[in-house]
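Asker: The structure's right below; bear with me while I get my questions together.
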Amino acid sequence: MFNPTRILSLLDRIEDAIILINENTSYIKSPDNFLCSSDGMFTLSGVCMQLVFIGESVKVIDTKTDHSYLPRYTNIPWVGIMGLRDIIAHEYHHIDVEEIFKVIKNDLPILLETVKQMKKDLSA
434 MFNPTRILSL
444 LDRIEDAIIL
454 INENTSYIKS
464 PDNFLCSSDG
474 MFTLSGVCMQ
484 LVFIGESVKV
494 IDTKTDHSYL
504 PRYTNIPWVG
514 IMGLRDIIAH
524 EYHHIDVEEI
534 FKVIKNDLPI
544 LLETVKQMKK
554 DLSA
């Protein structure tokens with residue numbers, strides 16, 4: 434059995450990271466918006482740092498729950514989240530800006546809703 438309080442804390446931090454990304458990328462309408470100014474590049478850097486944090490938190494949840502908790506939420510590609518973390522952390526100069534843009538616009542909203550559901554399920 435795992436410690437629900439620890440998992441809830443990690444889920445809170447993932448939720449906070451997603452909200453932070455959303456708040457700071459509202460002006461990003463295309464991948465080029467990251468590349469056309471120093472502000473865009475700085476935003477991209479911050480987004481990547483938060484994505485690393487999200488991926489690391491997912492790894493900790495997976496480890497702390499003996500790989501039994503995340504598979505309950507099949508709509509999220511958990512392995513992909515952990516893999517993105519590794520790519521950003523270890524191959525930073527090979528980041529695909531279009532992929533990061535797609536993650537922000539397509540994947541994070543689904544992850545946010547799932548994290549909220551996970552928190553609700555753990556609190557019940």
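Note that the sequence shown covers residues 434 to 557 in our numbering. Heads up, the beta-carbon is just placed ideally off N, CA and C, and yes, glycines get one too.
(1) Using a threshold of 7 Å, state whether the C-beta atoms of P464 and V530 are closer than that.
(2) Please classify R439 as buried or exposed, where buried requires at least 16 other C-beta atoms within 10 Å of its C-beta.
(3) Between the segment 451-467 and the segment 504-521, do at least 3 Cβ pairs fall closer than 8 Å?
(4) Provide the residue span of the alpha helix (DSSP H) that contains H523, from first to last.
(5) Helix, strand or coil: how does DSSP classify H527 here?
Answerer: Let's see:
(1) yes
(2) exposed
(3) no
(4) 511-523
(5) helix
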